[in-house]
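Keeping their order, the protein sequence lines are chains A and B.
So that you can map any letter, position 2 of the first sequence is 26 in the numbering used here, and since no number is skipped, the others follow by simple counting.
So that you can map any letter, position 202 of the second sequence is 226 in the numbering used here, and since no number is skipped, the others follow by simple counting.
Note that CB positions come from ideal geometry on N, CA and C, so glycine has one too.
Protein chains: 2
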Amino acid sequence: MTTSARRLSPDARRQQILEAARALYADRPYHRVSTSEVARAADVTRGLVHHYFGTKRALFLEAMRSTVVMPAGELPDDLAAKPLAERTRWTMDWILEGAATYGQGWVNVAGAVSTEAGSDLQELVDEADDNAARLVLDALALPDEPQLRARLRTVAPLVKAACREWLQRATLTRSDVLDLTTAAVLGVLRTAGITGDAPPRDDRPLSEQPQSPNEKEI
Amino acid sequence: MTTSARRLSPDARRQQILEAARALYADRPYHRVSTSEVARAADVTRGLVHHYFGTKRALFLEAMRSTVVMPAGELPDDLAAKPLAERTRWTMDWILEGAATYGQGWVNVAGAVSTEAGSDLQELVDEADDNAARLVLDALALPDEPQLRARLRTVAPLVKAACREWLQRATLTRSDVLDLTTAAVLGVLRTAGITGDAPPRDDRPLSEQPQSPNEKEI
DNA sequence: CGAAGTTATTGGCAACCTGTCAACAACGGC
DNA sequence: GCCGTTGTTGACAGGTTGCCAATAACTTCG
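Written out as structure tokens, the structure is:
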């Protein structure tokens, strides 16, 4: 309840409004929170909200950005020598730890509905997933090749879905999710020729699998 | 331009309006399509739209439901005898085939942004993912246990993300996605103790993996 | 210390949107 | 052809967004 009848530094005001918006969007979706409400919650005029953020959508996006990004803690770096499987498991455990504490927002924001391809929200979530992928690559001491990162990006939504099954539906336990996500990451990495403890020579586990039914390229 | 000045059967009108809504929502998000526009596109009055669907949100959800559901084609059932890995690969290939043709909508609808936990859209997407999971279980001739289905539900968003990487970003090829999703499904199944009857080159299961760092139950 | 300049903040205006309802008119049955 | 049924319309009320000129708070300078 900061007394806010008077003048404030632009940064402070922005922050104050953003905080109010975050709180409101935390339990109601976009189209059910009006700028008037945000303004009232921040104890300012509606005009001021538009003065700082221009449009309601911009405010929403900026409010979301802070909850979507993975909370970057520091992971133990003493596991550089351990085998890939173990490193992966540690990393996933570390991510789950973050999801359980900070990640209410990160888990809930599962993606974007936006048949429109270049949606603003889609971009935001994609950015967050890309960050998560890069983060995992770094934790596993793997090279940051774009193709490899693309593969890991696809795992991010799986992790989020698994966390929802665990935290919201309680259909899976924490160790279930740990097993699940670890297996997924390792499986995906293996398709990129990364098997960890095996020598860098790609032993192509999928190569000996049956031919695809309708194998059209691209 | 169907002449629609005159009376129509309720079903026909509903369908007509729904189609118009689908077309509009196909390239613009919810909050940027007004009911007036839908009405104009359907060549009816705005009042009629509300008469049939009550609220704009209801119209939106009903329009989405048709694009979110996986197009259920028939899969070849002559692979009952083949090993699990091959069955999985066939199934994923079949899903990718559907995604490439019908699934523009299914792929784009990646999830729901809705910090609000019980969002209507979230429910819709969850329902679709659950259907997909059940579908895969059926294709793989696996028992439909709730726990197993929960695990497979988490793979659905990964498949969608992979399809987006393939179809929209072109960062992965079709066979990349096929490898990726197959590996993910197999990995996830393995965590449920399903290794495929025969021991198929099951190199390193999770059993001999290192203990979890902070293994807190639930 | 007072005046002038900055600029954060306000209040209200205009356009739009959603949801509702009574009135109208097209169609089918008798 | 008349009449009841019902698909369809037009308009009204409340609420929302975006914008802008006016105002007032704070700072700086003479």
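- Closest option to residue 153(B), judged by alpha-carbon separation, among 206(A), 189(A), 73(A): 189(A).
- Linking residue 161(A) to residue 186(A) through their CA atoms gives a straight-line distance of about 20 Å.
- Interface criterion not met: the Cβ of residue 108(B) is under 8 Å from no Cβ in chain A.
- Approximately 6 Å separates the beta-carbon atoms of residue 180(B) and residue 157(B); this is inside 8 Å, confirming the contact.
- Beyond the five residues adjoining it in sequence on each side, residue 167(A) comes within less than 8 Å, by CB distance, of 161 in the same chain, given in chain order.
- In terms of Cβ geometry, residue 89(B) and residue 202(B) do not form a close pair [threshold 8 Å].
- With distances taken between CA atoms, residue 51(B) lies nearest to 144(A) out of 84(A), 43(A), 144(A).
- Cβ atoms of residue 78(A) and residue 207(B) stay farther apart than 8 Å, at about 45 Å.
- In this chain, the alpha helix (DSSP H) harbouring residue 118(A) covers 108-125.
- Taken in chain order, the members of the stretch 155-174 of chain A whose beta-carbon sits within less than 8 Å of a beta-carbon on chain B are 170, 171, 174.
- Using beta-carbon distances, residue 74(A) does not count as an interface residue toward chain B, since no partner is under 8 Å.
- Of the residues 198(A), 38(A), 45(A), 164(A), the one whose Cα lies closest to the Cα of residue 106(A) is 164(A).
- For the 8 Å CB-CB criterion, residue 195(B) and residue 174(A) form a contact.
- Judged by beta-carbon spacing, residue 65(A) lies within the 8 Å limit of residue 47(A), meaning their Cβ atoms are closer than that value.
- Ranking 43(A), 62(A), 92(A), 150(A) by CA distance to the CA of residue 178(A) puts 150(A) first.
- With a cutoff of 8 Å on beta-carbon distance, residue 38(A) and residue 76(A) are scored as near each other.
- Less than 8 Å divides the Cβ of residue 182(A) from the Cβ of residue 182(B).
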